[in-house]
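Residue numbers (the working numbering): 221 to 354.
Inspection log for the structure reproduced underneath, given as structure tokens.
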Ligand code: CMP
């Protein structure tokens, strides 16, 4: 089915000047960018976005990292977009990510891992609405 998913190009990848290379991977995989915004997240933006991780030990570091510089927030649309985007990204820890994935090629660490992608249809719906409204 055609789905929509939320993608974030994180501050490490923006600082590395690879926004275009990452967007190009989405496009080559037949995902369409149907919304896009460059944004400096406030602490409140990042805490709200990652609310489900509030109790995790890495939460404060995650929020600090995500507010350390601008991010590019996008909605990707295409056949099987949620799982396809996760395949293109690779595992959360770039050290375990498969060859040819975005995280393997552009990420340094589990914190500075270049991209975020919604992990399910319900997260995608919530995350898209969080940044782009209905
Ligand atoms: P992301 O997909 O944006 O969702 C939550 C983020 O927390 C994750 O990517 C990682 O960058 C970060 N993180 C840091 N430590 C961990 C951890 N131990 N497990 C999962 N995510 C982590």
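Beta carbons: idealized from backbone N, C-alpha and C, even for Gly.
ask   = In whole angstroms, what is the alpha-carbon distance linking residue 314 and residue 333?
value = Taking the first residue of the chain shown as 1, we reach residue 314 at position 94. Taking the first residue of the chain shown as 1, we reach residue 333 at position 113. Approximately 6 Å, taken between the alpha carbons.
Subject >> Enclosing beta strand (DSSP E) for residue 335 [first to last residue] >> reply: Start at 1 with the first residue of the chain shown, and residue 335 comes out as number 115. Residues 335 to 337.
message = If the criterion is Cβ atoms closer than 9 Å, does the pair residue 295 and residue 255 meet it?
response = The count along the chain shown starts at 1 and reaches residue 295 at position 75. The count along the chain shown starts at 1 and reaches residue 255 at position 35. Against a cut-off of 9 Å, the Cβ pair of residue 255 and residue 295 comes out as a contact.
Next on the checklist: Rounded to the nearest angstrom, what separates residue 316 and residue 309 at their Cα positions?
Outcome noted: Stepping through the chain shown from its first residue, residue 316 is reached at position 96. Stepping through the chain shown from its first residue, residue 309 is reached at position 89. Roughly 12 Å between the two C-alpha positions.
In this structure, how does DSSP classify residue 243 when only helix, strand and coil are distinguished? The count along the chain shown starts at 1 and reaches residue 243 at position 23. The answer is helix: DSSP assigns residue 243 an H, G or I state.
Determine, using beta-carbon pairs with one atom in the segment 284 to 298 and one in the segment 316 to 327, whether at least three such pairs fall under 8 Å. no
Item checked: Residues near residue 235 by beta carbon distance below 8 Å, same chain, minus five either side -> Working through the chain shown from its first residue, we reach residue 235 at position 15. For residue 235, where only same-chain residues beyond five positions count, the Cβ hits under 8 Å are 289.
Original post:
Do residue 335 and residue 248 have their C-beta atoms within less than 9 Å of each other?
Top reply: Within the chain shown, numbered from 1, the residue matching residue 335 stands at position 115. Within the chain shown, numbered from 1, the residue matching residue 248 stands at position 28. No, the pair does not count as a contact, with Cβ atoms beyond the cut-off.
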